[in-house]
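Everything below concerns the one structure shown next.
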Amino acid sequence: MRKAVTSHEQLSVTLRHLATGESKQSLGYAYRISPNLLSRIIPEVCEALYQMLHTSHLKLPQTEDEWRRVQADYNNEWQFPNCMGALDGKRVLIGKPAKSGSIYYDYKSN
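Using this note's numbering, read the sequence shown as starting at 1034 and increasing by one per residue.
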């Protein structure tokens, strides 16, 4: 019978998954943990990290002025008006408006 997965191993495999996007199949092979167990471990560790760190590290703007400051800072840094942030590593498909021609051309062909 296999020994229990230590908390150190659980944190390590979760951080590697979050940092690289590596599949559970590949992580399972590297860490000798079944992909099914990883499907339980990763969300549990993410929830624990959130519960421990959200009050000190995740602060949402509370007022309209704070939201406007975030938008202004983002625009100053990236010259992207009317935007408050970006998601990294995810492609979100949207439908283009009718009669928009090539303005919204999808160069990735999806």
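All C-beta atoms in this analysis are idealised placements derived from N, C-alpha and C, irrespective of residue type, glycine included.
For residue i and residue j, what's the separation of their Cα atoms in angstroms?
| i | j | result |
| --- | --- | --- |
| residue 1115 | residue 1088 | 27 Å |
| residue 1076 | residue 1050 | 11 Å |
| residue 1127 | residue 1037 | 44 Å |
| residue 1109 | residue 1096 | 20 Å |
| residue 1118 | residue 1107 | 7 Å |
| residue 1044 | residue 1135 | 46 Å |
| residue 1042 | residue 1078 | 11 Å |
| residue 1086 | residue 1141 | 37 Å |
| residue 1053 | residue 1059 | 11 Å |
| residue 1137 | residue 1130 | 8 Å |
| residue 1133 | residue 1098 | 34 Å |
| residue 1094 | residue 1039 | 37 Å |
| residue 1100 | residue 1084 | 24 Å |
Return helix, strand or coil for residue i, following the three-state DSSP convention.
| i | result |
| --- | --- |
| residue 1133 | coil |
| residue 1048 | helix |
| residue 1102 | helix |
| residue 1040 | helix |
| residue 1085 | helix |
| residue 1076 | helix |
| residue 1057 | helix |
| residue 1144 | Missing from the structure shown is residue 1144; the chain here goes from 1034 to 1143 and no further. |
| residue 1119 | coil |
Compare the C-alpha of residue i against each of the options and name the closest.
| i | options | result |
| --- | --- | --- |
| residue 1090 | 1058, 1046 and 1082 | 1082 |
| residue 1063 | 1069, 1078 and 1046 | 1046 |
| residue 1034 | 1098, 1131 and 1066 | 1066 |
Just checking my contact of residue i with residue j at CB under 8 Å: how many whole Å lie between their CB atoms?
| i | j | result |
| --- | --- | --- |
| residue 1072 | residue 1092 | The pair is not a contact, with the Cβ atoms about 31 Å apart (cut-off 8 Å). |
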